Structures are given as structure tokens and as C-alpha cells.
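Its first residue numbered 2, the sequence shown is counted upward by one per residue in this note's numbering.
For reference, the structure discussed in these notes is given below.
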Amino acid sequence: NHLINMTSGLDWQDKSDVLKLARAYYSKDVNEFVRSVNCKYTPGEKFSYKSIDTQLLGICLEKAIGRPAYEYLQEKLWDPLRMEYDAYFTLDRKRGTARMYGGLAACTRDLAKIGRLYLNEGVFEGKRILDPHWCESTSSRVCNNDKWWGYANGFWLEGYQSENLFEAQDYYMAGFKGQVVYINPNKELIIVRQGLGQRKIKWELICARLANTLDNPKHKRISRADQELIAGEYINERGDRLELKKKDGQWTVSESGNKNISLSEESPQSMLSLRHKRRVILEYSKERDAVLGLYYDDFRNATFFKKMEVVDEVLLEK
């Protein structure tokens with residue numbers, strides 16, 4: 002469970018350990034290379050995207066089933082879904098081990114079939130292929146110590162573009178150079194993006210924005226220009242405070258006693274700073290036409306802060 006949710010605690014991070022990732026890719030025995038990696042954190046303590054977790058997960062799978070993972074993939078997915086073309090798994094050497102973390106190649110239509118399988122909660126043409134609880138847990142965002150809201154069961158959920166955090170249900174698979182299979186159950190929509198390069202474009206956000214241009218009468222979007230609705234002080238259960246304000250057209254957030262962090266637009270209900278790895282996601286009540294609070298996300302955990310005006314209002318009512 003820790004491996005598939007990238008909370009293993011292993012001493013590895015793809016973005017900062019590019020040389021390690023290259024060594025794993027060019028290793029003649031990738032499974033032996035995995036055994037050289039040590040733990041840095043207690044499992045479940047911290048999210049960090051690590052290809053090594055997926056490789057180790059593949060080792061566990063093959064030990065459990067007693068045969069290569071690609072044979073199992075053909076039996077459990079490729080044949081039941083009647084895929085149109087063979088897929089390819091790259092190996093670490095001739096007749097070697099599959100690169101579980103990024104070695105699978107498939108055509109667009111077959112990737113879309115996998116997306117449709119999840120969209121239909123694990124059913125393909127009336128036949129149950131995947132457990133429905135598995136599909137549900139894949140698209141459900143949570144905020145606790147052993148699972149970051151933006152990643153679940155090998156899928157990314159941070160294509161978030163609107164609605165309250167726990168109401169959004171879209172998620173996606175991400176591949177090398179910007180390959181994306183985007184799934185949006187609320188819109189009953191699948192988008193597959195293939196390409197030769199990412200070109201510094203977050204294609205998953207393009208997919209999410211495209212999906213959210215479809216009319217949704219249940220959702221009222223918040224305007225970031227509505228300063229009175231959004232700006233103010235926020236407080237969490239421990240008493241830590243945040244201040245969200247707008248000056249000269251620029252939104253900023255400041256933690257207690259710290260300098261302001263400039264935020265840029267992400268969605269109608271969120272702003273972020275990639276440089277500081279901070280995201281603000283507003284919690285909005287349609288009934289009260291008010292912002293009740295915000296989730297302050299550091300890309301590992303998300304902490305809820307209530308808006309001070311709302312806290313004061315509740316105390317007055319009591």
C-alpha cells in the first residue's frame with residue numbers, strides 16, 4: 002500500500018535524483034539495483050514520487066504470482082479488454098526484468114480502453130474486471146498522514162481545476178514526455194494525449210481545464226476578483242494562522258511570522274506557487290455563498306484552515 006501510494010520512505014526522489022534514475026534505467030539488473038536503496042523516512046510518513054517504489058511493487062507482484070508481470074497483464078487486462086494491438090514492456094537486459102516504473106508502451110485506443118474500464122468502475126462490456134472498491138479508492142481524494150490527496154493507487158489526482166477538493170473526482174495516468182490518460186467520472190469523459198515531448202506543458206491540466214469548460218449547473222465558480230469573499234485570516238486546529246490577501250492585483254499567502262508567498266492562478270478555486278511548493282484550495286459553500294476555509298497544500302500534505310470570519314460567526318451564534 003505504501004509502495005503504490007509513493008509513501009514507502011525510501012531514500013529517493015525522481016526530480017532531485019536524476020542520476021540515480023539514470024543508473025536504474027541503464028542497470029543490467031534493475032531489481033538488484035533496487036536492493037541498494039535504503040529507507041530515509043518511516044513508511045507512510047511522507048509522499049514523494051519515486052520510480053523505485055513501482056519497481057519494488059513489481060518485484061512483490063511477481064513473487065506473489067510466480068511468473069512475469071507482463072504475462073499476468075495479458076491475462077488480466079489485455080485479453081479481457083480485447084486490446085487492438087500488442088503492448089511492449091522494455092526490459093533491463095535481454096530476457097531480463099521488465100522496467101515496471103516506465104517501460105510499458107501501448108497505442109492510444111488501448112490506453113483509452115483502460116480509461117473506460119476505470120470510468121465504468123471496473124466493468125467492461127458487462128464483465129467485472131476490477132474490484133469496484135479499488136476503482137472508488139483510486140478517484141477519492143483524502144487528507145491524512147499516510148496518503149497525499151494528489152496521488153492514489155498509481156494515479157494522479159492533482160489535475161484539480163474546480164469544485165471543493167473532496168467533491169472533485171477526476172484523475173489521470175501520466176507517462177513519459179507528457180503521455181496522459183485523463184478520466185473524469187462527473188463528465189463521463191476520457192481524454193488521451195500522446196506525443197513526442199512535453200514542451201514544459203502540463204498536459205494533464207490542459208485536459209482538466211478542457212473537461213471543466215463543459216457546463217456544470219451544480220457548481221458556482223468563485224471569482225478571484227471577489228476580494229471580500231476570499232481575503233482574510235485563516236486558522237487551523239493547532240492555532241496556526243494564514244493570511245490571504247490581494248495587493249496591486251497580486252494574491253499572496255503568508256504563514257504566521259513568515260514573508261508573503263506570491264500565488265498565481267491555477268483554477269477558479271485554487272492558486273499556487275510552484276517555486277515554494279504551496280497551493281491554496283478554497284472550500285466554498287453554495288448555500289451560504291461564502292468561503293468556509295482553505296486547504297493549504299505543500300505537495301505532501303494538505304491542512305485545512307477555517308476562515309476566521311466563519312469561526313467568529315459560529316461563536317456568535319453559540
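Idealized CB from N, CA, C, for every residue including glycine.
Note that the coordinates shown come from a computational prediction; the quantities given were computed from them, not determined experimentally.
- Phe-305 and Lys-260 have their C-alpha atoms spaced approximately 20 Å apart.
- Taking C-alpha positions only, Trp-157 is separated from Ile-53 by approximately 17 Å.
- Restricting attention to alpha helix (DSSP H) runs no shorter than 4 residues, the stretch 81-168 encloses them at 109-120 and 133-140, ordered along the chain.
- The Cβ atoms of Lys-307 and Ile-236 sit closer than 8 Å to each other.
- About 7 Å separates the beta carbons of Val-311 and Ala-291, which is inside the 8 Å limit, making them a contact pair.
- Contact between the stretch 73-92 and the stretch 32-52 is absent: fewer than three C-beta pairs spanning the two stretches fall below 8 Å.
- Where Arg-210 is concerned, the enclosing alpha helix (DSSP H) starts and stops at 204-212.
- Secondary structure in the stretch 284-308: the beta strand (DSSP E) runs of 3 residues or longer, each lying completely within the stretch, are 291-298 and 303-308 in chain order.
- With contacts defined by Cβ atoms closer than 8 Å, Ala-209 and Gly-160 form a contacting pair.
- Take the alpha-carbon of Val-143 and the one of Trp-149: they are about 7 Å apart.
- In the same chain as Arg-110, and ignoring 5 residues on each side of it, the C-beta atoms closer than 7 Å to its own belong to Glu-85, in chain order.
- Around the C-beta of Arg-280, 16 or more other C-beta atoms lie within 10 Å, and the residue is accordingly described as buried.
- The beta carbon of Leu-190 lies closer than 7 Å to those of Ala-212 in the same chain, with the five residues before and after it left out.
- For Leu-58, the enclosing alpha helix (DSSP H) begins and ends at 52-66.
- Taking all protein chains shown into account, Thr-8 has 16 or more neighbouring C-beta atoms within 10 Å of its C-beta and is therefore buried.
- Counting other Cβ atoms within 10 Å of its Cβ, Gly-127 stays below 16 and is therefore classed as exposed.
- Separation of Gly-97 and Asp-241 (C-alpha to C-alpha, rounded to the nearest whole angstrom) is 52 Å.
- In the three-state reduction of the DSSP assignment, Glu-266 falls in the strand class, which pools E and B.
- For Asp-171, the number of other beta carbons within 10 angstroms of its own is at least 16, and it is reported as buried.
- Arg-24: member of the alpha helix (DSSP H) spanning 19-27, first to last residue.
- According to the DSSP secondary-structure assignment, Ala-175 is paired through a beta bridge with Val-181.
- Burial of Arg-194 is indicated by the presence of at least 16 other C-beta atoms within 10 angstroms of its C-beta.
- DSSP lists Lys-248 as the bridge partner or partners of Gln-251.
- Annotated three-state conformation of Val-31 is helix, per DSSP.
- In this structure, Asn-39 keeps its C-beta atom at 8 Å or more from the C-beta atom of Tyr-152.
- Asp-299 is positioned such that its CB atom lies no closer than 8 Å to that of Ile-282.
- Taking the Cα positions, Tyr-183 is about 7 Å away from Glu-205.
- A residue is called buried when at least 16 other Cβ atoms come within 10 angstroms of its Cβ; Asn-185 meets this threshold and is buried.
- Pairing Phe-125 with Leu-82 gives a Cβ-Cβ distance under 8 Å.
- Rounded to the nearest angstrom, the gap between the Cα atoms of Gln-270 and Glu-256 is 20 Å.
- Closest in alpha carbon position to Asn-302, among Ser-17, Glu-229, Asn-121 and Phe-48, is Phe-48.
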